[in-house]
Amino acid sequence: MRVAYAGVDAGGRLDVTSANIVNETFDDETVVVNLDAGTYFSLTRLASAVWVALPGSTVDEIVDQLVDRYDAGREAIEPPVRAFVEALVDEGLVGPADGRTPARTPLPPVPDTFEAPAFEKFDDMQDLLLLDPIHDVDPSGWPTRP
Amino acid sequence: MAHAALSGQRGPAAFFADAVDAFARAAERAGGAVEAEFDLLGRRVLVRCAGPALVPALTGALDHRRRPPGAGSPDLTFCAWDEASTGVGVPPAPWPPTAYGAKGVIDGFNDDRFSTVFAPGVDLLNAFDRARGVGLFWIEDAAAVPYWERGFPFRTLLHWATAGSPAQLVHSGAVGIDGTGVLLTGAGGSGKSTTTLLCLRAGMDYAGDDYVAFELSSPPQVHSLYSTAKVDPPTLERFPELVPLVGNAGGGDEKALLFLSPALAPRLASPLRLRAVLLPHVTGGPETRLEPASPVAAVRALAPTTVFQLPRQDTESFRRVVELSRRVPAFTLHLGTDVERIPEVVAGVVEGRFPA
């Protein structure tokens, strides 16, 4: 699948999209929280390594590094890595750097054998955010009770 | 952003001042402010309720942290009023209907100094002036304070009061022995409440069941905020000795809200040096055992539920949870059906005997 995100497709540099995407990496695990959407994500092993190396890089640069690192061949490596990054973009976690120049981090140690990077998404707490907009207010500006 | 301020209408400072005036009028109409002081997070907190109506709902859970009135200014002053008993409402809202955002945060009325949140559904106003350490709480009718809010009164104001400090409110329980303890954290159904109450029954100290605060001191500590425990009816059946401490009528989806103070006041300890974060999990098998968990497991258990429940300071809260998870080991606590064994395992962690 080719997506319409110019930054990803045209080899543009990527970055975490906003200050409301917070993340932390411990060894080979990363947790990412989308504070706006009420979702959080777990990335392990190769997915975590790719996440760490993404800011300031292009997808092509990440793919090239993995092709150098593994014997699996570009045909086996590029499609799942590209799909993973596109999924991160779809979730609003990563996008074009848009002129920002995030500090680049070298690719951390990766598993010995190539694996398709993936994340686990958790949306079990989304209702805590009370995202439903308030529609009606009384003349003093306070929400009216249903 | 900041519609009212940009259009020359009243901004957060003016709204806050109007609300402080409204509280003063409410207190006057109710025959004066009913005052009580509490020691929370090592700070002197003065609670002022306009008349008696809100006093039980907002101070019952803090009973174990009550302190004699001190001289001079308190560190924090929380003023609360309801409209039903005082006849004084909230000032008109100077923001447009579109300003109500996620978690009730009002767009344009939250900045470095002021916080303004109207919790939709329960219709509670919380506002805070960080510069003066003054918080405001308003509800239309004191009788409508939800039972869970009675279990953690002023949770939102205390959260804002920790901005820029090493303390962090966290959705977690905590138990301990002789000044050392563990956090117990997990979603509903994880066995967290059962574990904390089993530890209490076994003679351990109790710092909380739902919300506590940790502090990134050396070593990290946990502070008790609330003397309450919130349990579902099947869990309460395991603890018949606690039934007399239930403080709400229950029914419907309500859990039982237990007020452990004053009956168990000597056991409500704070602060506790933090030994570990335990992640309880019901197994169905007989054996209770510990398994080392990664720091990321602790972050996943502690951070989302905390940052998605508490309005504002999201990034700061996340960073503090990360720091705690780097400094304190985490263990999955596999809970067995032989429940008498559970407090022994928890006590073993507290006293450094487990894991061997």
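Quick mapping for you: the protein sequence lines, in order, are chains A and B.
Going by the numbering used here, the first sequence opens with residue 472, and the numbers climb by one from there.
Going by the numbering used here, the second sequence opens with residue 30, and the numbers climb by one from there.
The beta carbon of each residue, even a glycine, is placed where N, CA and C say it ideally should be.
These numbers were taken from a predicted model, which means no experiment stands behind them.
Per DSSP, Ile-135/B lies in no beta strand (DSSP E) and is assigned neither H nor E. Along the region 271-297 of chain B, the beta strand (DSSP E) occurs as fully enclosed runs of 3 or more residues at 285-288, listed in sequence order. Restricting attention to alpha helix (DSSP H) runs no shorter than 4 residues, the region 477-530 of chain A encloses them at 477-480 and 517-524, ordered along the chain. For Gly-377/B, the secondary structure class from DSSP, reduced to helix, strand or coil, is helix.
As DSSP reads the structure, Phe-360/B sits in a beta bridge with Leu-307/B and Pro-321/B.
Judged by DSSP secondary structure, Gly-202/B falls outside any alpha helix (DSSP H) and instead within the beta strand (DSSP E) spanning 202-206. Shown here, Leu-70/B sits in coil according to DSSP, grouped into three states, outside any helix or strand. Straight across, the Cα-Cα distance linking Pro-98/B with Glu-66/B is about 6 Å.
Residue pairing by DSSP places Thr-209/B opposite Ile-206/B and Arg-302/B in a beta bridge. Between Ala-518/A and Ala-558/A, the alpha-carbon positions lie close to 12 Å from each other. Taking CB atoms only, Trp-613/A has a neighbour in chain B less than 8 Å away. With respect to the 8 Å criterion, Leu-485/A and Pro-567/A are classified as neighbours on the basis of their beta carbons.
Chain A has a Cβ within less than 8 Å of the Cβ of Asp-343/B. With fewer than 16 other beta carbons inside 10 angstroms of its own, Gly-61/B counts as exposed.
Residue pairing of Phe-593/A in beta bridges, as defined by DSSP: Tyr-511/A.
Straight-line measurement puts the Cα of Arg-267/B at about 13 Å from the Cα of Thr-366/B. At least one beta carbon of chain B lies nearer than 8 Å to the beta carbon of Glu-495/A. In the displayed model, Arg-348/B falls within a helix according to three-state DSSP. Put simply, the CB of Ser-323/B is near chain A, with a gap under 8 Å to one of its CB atoms. Contact annotation: Ala-79/B and Thr-115/B have beta-carbon atoms nearer than 8 Å. Residue-level contact by beta carbon holds for Glu-500/A and chain B, with a gap shorter than 8 Å. For Glu-244/B, the enclosing beta strand (DSSP E) begins and ends at 240-244. DSSP places Ser-114/B within a helical segment (H, G or I) once states are collapsed to three.
Chain-order list of chain B residues neighbouring Ala-490/A: Thr-344, by C-beta distance under 9 Å. For Val-608/A, the CB contacts under 6 Å within the same chain, skipping 5 residues up- and downstream, are Pro-614 in chain order. Where Gly-237/B is concerned, the enclosing beta strand (DSSP E) starts and stops at 234-237. The C-beta of Ala-46/B comes no closer than 8 Å to any C-beta of chain A. The Cβ-Cβ distance between Val-503/A and Ala-332/B does not fall below 8 Å. At least one CB atom of chain A sits nearer than 8 Å to the CB of Lys-132/B. Inclusion of Trp-522/A and Thr-488/A in the CB contact set at 8 Å is not warranted, their separation being larger than that value. Within the same chain, Val-146, Pro-340 and Arg-341 come within 7 Å of Val-134/B by CB-CB distance, once the 5 residues on both sides are set aside. If you draw a straight line from the Cα of Glu-345/B to the Cα of Asp-561/A, it comes to about 26 Å. Scanning Ala-55/B, Ala-196/B and Thr-223/B for the CA closest to the CA of Ala-242/B turns up Ala-196/B.
For Pro-358/B, the closest alpha carbon among the candidates Val-336/B, Gly-314/B and Leu-303/B is that of Leu-303/B. Here DSSP, grouped into helix, strand and coil, assigns Phe-268/B to coil. Beta-bridge annotation (DSSP): Tyr-176/B is not paired with any residue.
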